[in-house]
Structures are given as C-alpha cells and as structure tokens.
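Asks: I'd like to ask you about the structure that follows.
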Amino acid sequence: MNTQAAVEIAHLRKAYGEVVAVDDVSFSVAEGEIFGVLGPNGAGKTTTVECVLGLRSPDAGSIRVLGLDPGQDREDLHQIVGAQLQESAQPGKLRVGEILDLYRSFYSEPADVGEFIDALGLAGKLKDYYRSLSGGQRQRLSVALALIGRPKIAVLDEMTAGLDPQARRATWDLIEGVRNRGVTILLVTHFMEEAERLCDRVALIDAGRVVALDSPAGLAARASGGKTMRFVPSAPFDDRLLSEVPEVRTVTRSGSHVVVTGTGELVNVVILTLATAGVTARDVQLDPSTLEDAFVKLTGRHLHEEGILK
Amino acid sequence: MSTYTLALPKALSKALPKTAPRAAFGKIVLNEVRLAWRLPAGLIFGVAVPLVLLIIFGEIPSFHQPQPSLGGLVLFPVYVPIIISMAIAILGLISLPASLVSYRDQGILRRLSTTPVPSSWLLAAQLVVEFCIAMTSLLIVIVVSIAAFGLDVPRNPGALLLAIVLSIAALFAIGLCIAAVAWSGTAARAIGAGVFYPLLFFAGMWLPRQAMPGVLQGISNYTPLGASVEAMQDSMRGQFPPAASLLVLAGYALVFAFIAKRFFRWQ
C-alpha cells in the first residue's frame, strides 16, 4: 500500500473545442498527504480535478486514483473519493439535516453527522432550509458532504472561497484533523495562506502546465533566491562595485533608484559593500518573499489575475 | 474502451450499482416528495387547477344536457378526459422539465455524479414522484366527477388505466426531451408552455374533438393529447380504445424517451 500513490496523473491533457484547458499536467499525490493545486483562474486546476473525479474524460494522459481509472471504475472510485465542487448547490427547500442524511445513505460506511457539524459551525442549522444559509454556511455544508462518506481521498475545490477569516481557520483545523486520520487531501486553491498553512506539497499550475512542484517553503525559498531590493545611493558609484559581489545577480538603475536582484543575505551584503566605497543606501525597500512571489516569479503573473486560458 | 465485448455486462452493472446502498433511492424519493410539498407549484397546477376546472364545468347546467348544435353531445363526460390529459400535460411538460433543469443548473446532478449513486437516480425519483402526483390528480378528478356530477363509472377500467399510463409515458417522455434540450430554466418553461397550449387545443379544451372539422380532428388523432383523450373517452364509454390511439401514445413515449436519453446533459 505504501508504494501506491493516492493520485497519479501523467501527461493529462484536456481541451474544450479549440481551448486547451489542461495542456500537460503530471503529478503524484502520496497517501496521507495534503497536496495543493495552486494557480490563477483559468489555469486548468478545476479541469484537472474534474478529470480525477471522473466528471470529465481526458483527451490524453492517464490518471490513477488508488489504482482505479476514474473513467472506467467510477462506482468504486466514488466510494473512496469525496468531492467538494465549485458552483454546486442543493435544493433550497431541503433542510440541512435532510441533505446530510441523504448523502450519508449513499455510502456503505458513512461518518456520523455529528462529527463535522460542530467543527463546521453547522450544529444549530440542521433544521434550517438550505436557501436560508449564508454563502459561507453553504460552503461549509459542501465540505461536510465531501467528508461524510469517510473517503480515503477528499478533493476540495476552493473550499474556503467566500468564508470569513474565522470560518476559514476553523475549516483548516478540520481538514488537518481529517488528514491526521489518514485521509489524503487534494486541495485546489488560489489562496496563498491556505496553501502555506495546510499543504505538504504544492503544484503550481499555469496555462495548463505544472510550472513548479515543491513544498510551500521550498517554493518560497526559490522566490527568496530571487530577492529584489531597491534604494537611493547617497553618492554616485560604479555598478561593477555591486555586480562583482557573488550574491548579486543584476544591477539596474531606475531614475534615482538602484534596483538590485540577487540571493542570500542580499541587503546586508549590498549595504556593507556600498559602505566600503563610502556610499550609503537610503530609502531601502525589499520585496518580501512568499509563495505569492514564487508564483509571480514562475509565471510572471499574480495569482488573482486571470490566466491566459479560460 | 478497447473492445465492445464487455458493453452489455457493463451496462447492466451500471443500472444496478453494487456499492451504492439501495436505501439511497428511497431517501432520494423521500426528499423529492418533501420538495413537491414545500414547493407546491406542481400540486397546485397539476392537481388543484384541474379540480377547480372540473368543478366549474360540472356546475354549468348546459354541460349535462345534450347539445343539439353538437349532434346531441353531452359535454361533461367529454371534458373529464380532457381535464385529465391537461393535468398529465402540466406535470409532464412544465413541472418535470422545470425541476430537472434547475437540478442541472444548480450543479446538483453534477455533484451527485461524484457519489456512488448515479445521477440518473434523481431523474428516476422525479419521474416516480410526478407519476404519483399525476395518478392522485386524475383519481381525484374521476372520483369527484362520479360522486358530485353523476359521471358513469368507467365501463372499461382496464383500458382506461392502459390509456392513462400510456398518456403519462408519452407526455413525460416529451418533458424529458424538453429538459434535455433546454439551455436554462426559463427556456424550459417557455418551451413547455409553447408545446402545452397547442397540444391542449388538439385535446379539445376549446373545441371538443367531436366538434372539430375533419382536418383538425385528423391532426388531433396524431397529437399526444388528442390520442390520449380519444383513448380515454372510448374506454370510459366501455369500448376498447382504437389501436391507433394507443400506438400513437406508445410511439411518442418511445421516440421522445430515446431522444431524451440521447441528448440529456447531466452538467
């Protein structure tokens, strides 16, 4: 069992007519892992997980979910994979308790409703109609429905979209608890903090391709490998003074500002080097490095921007 | 994917999921019943409106007297099957597609297809519930007609039941087809209404079939509601309905069920 990946995707490709949603995506999710799929809107994240769930059939490539082919073994697949989809509602005039009870009946060994309800803040809502729930409550119900069949793998597509920070953190705690019981989690998100907090590994997807695959810290470190600082020098100096320093990669001038990119303890090294020439750096700015920077660095775009492919 | 040799066993095993508990179907039906009760448009238009119409027609004295202008026809017994077919048409052409399309629009069918339960179960549950509403409605119409307005007890109940079941099959199949092709809930309602009124005309709602000119009656024979009314009127009078009317209904049921199955979008 340990050698088997929970989810194995190789060279997945899916186009809708002329539009290529997923160009070439490969990654492997280990059992018990929280794996993040991160990327801007239209990058192909949702199409990828829809193929994992058997909702769409790939044009090319292969997918194995605990050894099952989502296109062929849908029934067995859906006993062991729980899904939370974007834009899927429930009938407005059903009560929360009735919906939970219905979904419990689909599975051979369902969880007790009580297990998630408190953690998701739905305990007092069982008798409420679905249509009276707030957006956040609906979202939390859909997370509960994804977990109610005691899945081995939970696929969660933008599970905290529309939640306030407090509900978001409560949901993160719940997901960590679920993972601690051995459930593998495939998480689609474009929310940085979520990936940094929850994910063991993250695949950055852009324009239908995996542009990087690493731990969140690893990715952020790559970005910090590309630190940028800018300052105003107190006196003129020769660019070679800095460009000969090993930590410095580039030196450019932008008006009165000098922009230096490089690695490691860039700021200290630059300031010390300038001091040897009697120059002080004023108005020093440093772009903080995060997963977001890693993303910008690797794709040239911000996460919340629209992708090229829609 | 590679061969077709496994196609038949696969299709059979798909029809009867091995891992999904059968009790789930009962739960789906139960929730559909709750929804039918809590969003009572189907009950109002499929049960209450036909009943009110029946009472109005029943209270008109001239409806119980032979009409010399219509060759001595007594209108009330003629209108009972028309009202029944109207009730079936409302449920099949308007109520059924509206709920199915809204389930598709809201992503409920899509969500269901990520569970061990096939999303076709929800469609089947809808059909069961609408069928029960239709049977309740026409049972009420027939009982009230007999008890309050002196309609003769149908003389060939077996044939009447056959005519009713075939009518429901035909109209529900057309409704499934509307749900299959409609791109939105509004479109489903518009198409449903656009089909409903002409069909109701050919059922004889505004001009009984017996009073229609030959050409219109000829067309009516081949419309689902015209065939339905013809089959019901005959079996109420004690005759076995003409085979043509039953075949027309069965034909609509088969052809439209096939088209619906072929073109139904689950997401």
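Sequence order for the protein chains is Y and X. First residue of the first sequence? That's 207 in our numbering, and the numbers climb one at a time after it. First residue of the second sequence? That's 35 in our numbering, and the numbers climb one at a time after it. Glycine included, C-beta positions come from ideal geometry on N, C-alpha and C. Predicted, not measured: the structure shown is a model, and the values here were computed from it.
#1: Per DSSP, Q491 (chain Y) forms a beta bridge with which residues?
#2: Cutting at 8 Å between CB atoms, please list the residues of its own chain near F292 (chain X), excluding the five before and the five after it.
#3: From F322 (chain Y) to R145 (chain X), what distance separates their C-alpha atoms?
#4: Which residue comes first and which comes last in the alpha helix (DSSP H) that contains V302 (chain Y)?
#5: So which of Y:V243, Y:R262, Y:E239, Y:I215 has the shortest CA-CA distance to T390 (chain Y)?
#6: Between the alpha carbons of H463 (chain Y) and L425 (chain Y), how many angstroms are there, rounded?
#7: On the criterion of 16 or more Cβ atoms from any shown chain inside 10 Å, does G250 (chain Y) qualify as buried, or is it exposed?
#8: If distances are taken between C-alpha atoms only, which option among Y:L306, Y:M435, Y:A352 comes closest to K333 (chain Y)?
#9: Quick one: is A214 (chain X) buried, meaning 16 or more other Cβ sit within 10 Å of its Cβ, or exposed?
#10: Specify, as a first and last residue, the run of the alpha helix (DSSP H) that T254 (chain Y) falls within.
#11: For a contact meaning CB atoms closer than 8 Å, what does R68 (chain X) contact in chain Y?
#12: Name the chain X residues that come within less than 8 Å of F312 (chain Y), Cβ to Cβ?
#13: At least one CB of chain X closer than 8 Å to the CB of S294 (chain Y): is that the case?
#14: In terms of residue numbering, what span does the alpha helix (DSSP H) encompassing F322 (chain Y) cover?
#15: Specify, as a first and last residue, the run of the alpha helix (DSSP H) that Y231 (chain X) falls within.
#16: Looking only at its own chain, which residues have a Cβ that is under 6 Å from the Cβ of Q244 (chain X), when we skip the five neighbours before and after it?
#17: Which of helix, strand or coil does DSSP assign to Y38 (chain X)?
#18: Please identify the residue among Y:L218, Y:L326, Y:L447, Y:G341 whose C-alpha is closest to the C-alpha of I354 (chain Y).
#19: At the 8 Å Cβ level, is L77 (chain X) part of the contact set with chain Y, yes or no?
#20: May I ask you to list, following chain order, the residues of the region 274–291 of chain Y that have a beta carbon less than 7 Å from some beta carbon of chain X?
#21: Is DSSP giving G223 (chain Y) helix, strand or coil here?
#22: Under a Cβ-count criterion, where at least 16 other Cβ atoms within 10 Å of its own Cβ denotes burial, should K295 (chain X) be classed as buried or exposed?
#23: Does the beta carbon of G141 (chain X) sit closer than 8 Å to a beta carbon anywhere in chain Y?
#24: Sort X:I180, X:L172, X:A227, X:S153 by Cα distance to I202 (chain X) and report the nearest one.
#25: Looking at C-alpha atoms only, which residue of X:I128, X:G192, X:L134 is the closest neighbour of A168 (chain X)?
#26: Relative to the C-alpha of G341 (chain Y), which candidate in Y:V416, Y:D275, Y:R385, Y:Q292 has its C-alpha closest?
#27: Residues of chain Y with CB under 7 Å from R145 (chain X), in chain order?
#28: Below 7 Å CB to CB, which residues in the same chain sit around L134 (chain X) once its five sequence neighbours on both sides are set aside?
#29: Identify whether Y313 (chain Y) lies in helix, strand or coil by the three-state DSSP scheme.
#30: Quick one: does R72 (chain X) have its CB under 8 Å from some CB of chain Y?
#31: Going by beta carbon distance, what residues of the same chain come within less than 8 Å of Q210 (chain Y), once the five residues before and after it are set aside?
#32: Measuring alpha carbon to alpha carbon, tell me which residue in Y:D275, Y:D445, Y:M398 is nearest D287 (chain Y).
#33: Going along chain Y, which residues have a C-beta under 9 Å from I89 (chain X)?
#34: Quick one: list the residues of chain Y neighbouring K61 (chain X), beta-carbon separation under 8 Å, in chain order.
#35: Which residues share a DSSP beta bridge with G288 (chain Y)?
#36: What does L261 (chain Y) reach in chain X if we use C-beta pairs closer than 8 Å?
Replies: Reading it off the structure:
#1: Y:R436
#2: In the same chain as F292 (chain X), and ignoring 5 residues on each side of it, no C-beta atom comes closer than 8 Å to its own.
#3: 19 Å
#4: 302–310
#5: Y:E239
#6: 29 Å
#7: buried
#8: Y:L306
#9: buried
#10: First-last of the alpha helix (DSSP H) with T254 (chain Y): 251–258.
#11: K299, L300, E304
#12: A54, P55, A58, T149, P150, V151
#13: So yes, S294 (chain Y) belongs to the interface.
#14: 319–323
#15: 219–237
#16: L107
#17: The predicted position of Y38 (chain X) is uncertain, since its pLDDT is 38 and thus under 50; a value taken from the coordinates is nonetheless stated next. Three-state result, Y38 (chain X): coil.
#18: Y:L326
#19: no
#20: E281, D282, H284, Q285, A289, L291
#21: Three-state result, G223 (chain Y): coil.
#22: exposed
#23: yes
#24: X:L172
#25: X:I128
#26: Y:Q292
#27: Under the 7 Å cutoff, chain Y gives L291, S294.
#28: L157, Q160, A213
#29: In the displayed model, Y313 (chain Y) falls within coil according to three-state DSSP, outside both helix and strand.
#30: yes
#31: E237, L272, G273
#32: It should be pointed out that residue 287 (chain Y) corresponds to Val in this sequence rather than to Asp. Nearest C-alpha to V287 (chain Y): Y:D275.
#33: The premise fails here: I89 (chain X) is roughly 29 Å from chain Y at the closest Cβ pair, so nothing lies under 9 Å.
#34: D307, L308, S311
#35: Y:A360
#36: R144, S147, T148, Q301
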